[in-house]
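Throughout the sequence shown, residue numbering follows my numbering, covering 5 to 124 in sequence.
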Amino acid sequence: MNESQIRAELNQILDPCSVVAGAPAGIEELGLVRRLSLAEGAEGLAIELTIGVTEPGCMMGASFAIRAREQLEALPGVAAVTVELDHEADWTPADIDQAYAARLATVRDARRQGVKATVS
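Structure below.
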């Protein structure tokens, strides 16, 4: 497993607010994966991860952390997973992946025009 594969796995964890908004996004696309480090050891891959939230009042942080740990521990060759929550809440919209930002803009533009649009 390499970093891009791990990030792809993490991106399968969808933010429920983005789903309700009609533009589903994973935690990687939203820029919520704040730190990711991988270390290959005798037992297998050790993953350390820090996940942030979009605002201090977001209640999804713990859920994201649990899902991330469970999904990563289930991957072949993974020996250990440590997940921490970033309580700094220093996320900004600039942290969003540019491709996702474009999808979100499409949905928002359609809504302004009175057209229902959902993208995946």
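Yeah, the Cβ is synthetic: ideal placement off N, Cα and C, and Gly gets one too.
Computed from a predicted structure; not experimentally measured.
Three-state class that DSSP yields for residue i in the structure shown
| i | result |
| --- | --- |
| E13 | helix |
| G26 | coil |
| L108 | helix |
Residue i classed as buried or exposed, judged by whether at least 16 other C-beta atoms fall within 10 angstroms
| i | result |
| --- | --- |
| V119 | exposed |
| V85 | buried |
| V37 | buried |
| V23 | exposed |
| D19 | buried |
| I70 | exposed |
| R39 | exposed |
| A29 | buried |
For residue i, the nearest candidate out of the options (CA to CA)
| i | options | result |
| --- | --- | --- |
| T58 | A93, A66 and Y104 | A93 |
| R73 | H91, R115 and E13 | E13 |
| C62 | C21, A98 and S8 | C21 |
Inter-residue Cα distance where the pair is residue i and residue j
| i | j | result |
| --- | --- | --- |
| G81 | E32 | 22 Å |
| A25 | A46 | 44 Å |
| I10 | A27 | 22 Å |
| A66 | L89 | 7 Å |
| P60 | T54 | 15 Å |
| E52 | V111 | 34 Å |
| N6 | I100 | 22 Å |
| A43 | L76 | 14 Å |
Start and end residues, beta strand (DSSP E) containing residue i
| i | result |
| --- | --- |
| L127 | With the chain represented from 5 up to 124, any question about residue 127 goes unanswered, as that position is not in the structure. |
| A43 | V37 to E44 |
Residue span of the alpha helix (DSSP H) that contains residue i, given as start and end
| i | result |
| --- | --- |
| T86 | First-last for T86: V82 to L89, but that is the beta strand (DSSP E), not the alpha helix (DSSP H). |
| G65 | G65 to E77 |
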